[in-house]
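Have a look at the structure below, then the notes.
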Amino acid sequence: MTYSHLRNDLSVELKVVALLFFGAQCISDDHCAFLLFVLTLVNHRSVGDHAGIQFNKRTPDTYQRISVVYEPDLPNCTEPVCTGPLAEIYCFGKLIYTSWLFGLYGKCPGEMMRNPPDRVLNAFKKLKYPLKKDEFKTFCYENFVSSPYGIFLCSELNEIWKSLGREFIPQVKHFPDRFPVLAVPNSFVVPGGQFQIYFYWDSYWIIKGGGFLILLFLKLTRRTQPPLFTQMVADYYSATNNATFLSRMIPYIDKELAWWRTNRSVIAITNCPRPENYLVDLDNGYHGDDKSTNIWSSIASACESGLDFSSRWFGYSGTQAGTKFSIRTNKIVPVDLNVLMVLNYWEFANMLNKLKEE
């Protein structure tokens with residue numbers, strides 16, 4: 251299907267959308283298409299940035315209408331995608347499962363805890379199933395802080411570009427045990443769409459604009475994306491000849507390369523649903539072509555590849571071929587990843603030689 255064919259098919263719907271959301275009659279199909287594009291940008295919490303999001307949809311409307319949740323049957327997995335005192339709140343367990351079932355994920359757990367993690371968990375464990383949505387929302391209000399989403403479309407449109415540039419608020423640095431993220435010292439840029447923090451390989455394409463972004467990747471733990479940190483440093487050094495900066499980065503490059511050798515050579519550690527897409531992952535695991543833990547591990551691996559979700563990770567045969575239900579990332583040795591690793595070691599050797607010459 252060509253673009254013009256698709257545009258003509260949607261012209262009536264586009265005009266209706268423009269009238270409803272912008273209060274004006276669009277003058278042409280191209281104008282309507284542009285207005286819908288702007289609306290898509292503004293409504294970035296519900297519309298994905300690429301086609302892969304179609305396989306990665308958030309909480310269905312069905313769950314948003316649920317008013318009572320019975321005690322959930324937790325998935326039989328052993329290695330969640332995160333660890334530490336906040337993991338049972340933000341990563342796995344009944345709290346996050348219940349939040350997804352009520353259609354409240356993104357609002358609860360919130361952006362910051364009002365109390366230490368042990369108090370939050372104890373308060374949640376005092377709730378009784380069957381659990382009413384209002385009771386759960388009260389618990390959320392008492393234990394989390396969430397910023398309301400922008401109310402007016404115009405203000406969202408005016409602020410959207412500024413919203414791509416972020417920095418952590420002081421509370422994240424002062425109370426690190428109450429947040430599910432590690433604070434970084436510099437400002438950062440998010441890719442847009444559903445993302446609220448910086449992502450590894452997205453940032454590679456803007457890294458030439460300033461070396462400060464490189465410092466952010468000293469803070470990555472447990473989950474990753476294509477290993478481009480070494481390339482970031484190499485590109486920055488090539489542009490600046492800053493030997494002091496290069497010398498400072500050498501131990502971190504060595505540490506990342508060692509991490510990849512240890513943690514990503516053959517076996518993927520994670521075998522649980524991702525917290526940011528809990529219910530969808532559960533469904534994929536329970537109805538997939540492989541063991542649920544293998545499906546969840548392969549989904550996490552696909553996300554780390556940055557190609558989530560490319561058909562390269564899906565099975566080519568069977569009743570669910572070409573879908574995420576047949577995902578088999580862990581059975582594939584991607585040549586592009588291994589080429590990146592070879593290039594990283596080559597660049598690392600060059601860096602060491604250059605420092606010897608200084």
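In this text, residue positions in the sequence shown follow the working numbering: the first is 251, and each later residue adds one.
Built from N, CA and C at the ideal position, the CB exists for glycine as well.
(message) To the nearest angstrom, how far is the alpha carbon of ILE316 from that of TYR347?
(response) 13 Å
(message) One question on the structure: do ASN594 and LEU529 come within less than 8 Å of each other, judged by their Cβ atoms?
(response) no
(message) When you compare the segment 421-433 with the segment 333-344, are there three or more beta-carbon pairs, one atom per stretch, that lie closer than 8 Å?
(response) yes
(request) Please classify ARG524: is it buried, with 16 or more other beta-carbons within 10 angstroms of its beta-carbon, or exposed? (result) Counting Cβ neighbours within 10 Å, ARG524 comes out buried, since at least 16 surround it.
(request) Could you give the DSSP three-state label for ARG369: helix, strand or coil? (result) helix
(message) Relative to the C-alpha of CYS547, which candidate in ASP540, CYS522 and MET499 has its C-alpha closest?
(response) Looking at the sequence provided, one finds Ser at residue 547 rather than Cys. When only C-alpha atoms are compared, the closest one is CYS522.
(request) On a CA-only basis, which of ILE500, PHE564 and GLU526 is nearest LYS604? Give me that one, please. (result) ILE500
(message) Check this for me: beta carbons of THR480 and GLU597, under 8 Å apart or not?
(response) Closer than 8 Å, so yes.
(request) Out of HIS537, GLU361, TYR502 and CYS553, state which residue places its alpha-carbon closest to the alpha-carbon of PHE394. (result) GLU361
(message) Suppose you measure from the CA of SER488 to the CA of PHE495; what does that come to, to the nearest Å?
(response) 12 Å
(request) Go ahead and pull the three-state DSSP assignment for SER296. (result) Its pLDDT being 31, under 50, SER296 is placed unreliably by the model, and the measurement read from it follows with that caveat. The answer is coil: DSSP assigns SER296 none of H, G, I, E or B.
(request) Please report how far the alpha carbon of TRP509 lies from the alpha carbon of ASN491, in whole angstroms. (result) 27 Å
(request) Assuming TYR379 contacts VAL319 (C-beta within less than 8 Å), just tell me the rounded distance between them. (result) Between TYR379 and VAL319, the beta carbon gap of about 7 Å places them in contact (Cβ cut-off 8 Å).
(request) May I have the straight-line CA-CA distance separating LEU414 from ASN436, to the nearest angstrom? (result) So the alpha carbons of these two residues sit roughly 14 Å apart.
(request) Using three-state DSSP, classify LEU381 as helix, strand or coil. (result) strand
(request) May I ask you to report which of helix, strand or coil DSSP gives ARG416? (result) Three-state result, ARG416: strand.
(request) Apply the 10 Å Cβ neighbour rule to TYR486 and answer buried if 16 or more other Cβ atoms are within range, or exposed otherwise. (result) With 16 or more Cβ atoms within 10 Å of its Cβ, TYR486 is classed as buried.
(request) Starting from the C-beta of ILE503, find all residues in its chain whose C-beta is less than 7 Å away, skip the five residues before and the five after it, and write them out in chain order. (result) PHE479, THR480, VAL483 and PHE598
(request) Within its chain, find whatever has a CB closer than 6 Å to the CB of TRP563; leave out the 5 residues flanking it on each side and keep chain order. (result) ALA552, ILE577 and THR579
(message) Buried or exposed for GLY572, going by 16 or more other Cβ atoms inside 10 Å?
(response) Looking at its Cβ environment, which holds fewer than 16 other Cβ atoms inside 10 Å, GLY572 is exposed.
(request) Give the DSSP bridge partners of MET591, in chain order. (result) Looking at the DSSP assignment, MET591 forms no beta bridge with any residue, so it has no partner.
(message) So for VAL319, helix, strand or coil by DSSP?
(response) strand
(request) Please state if the CB of PHE386 and the CB of PHE352 are separated by a distance shorter than 8 Å. (result) Yes; because the gap between Cβ atoms is below 8 Å, this pair is in contact.
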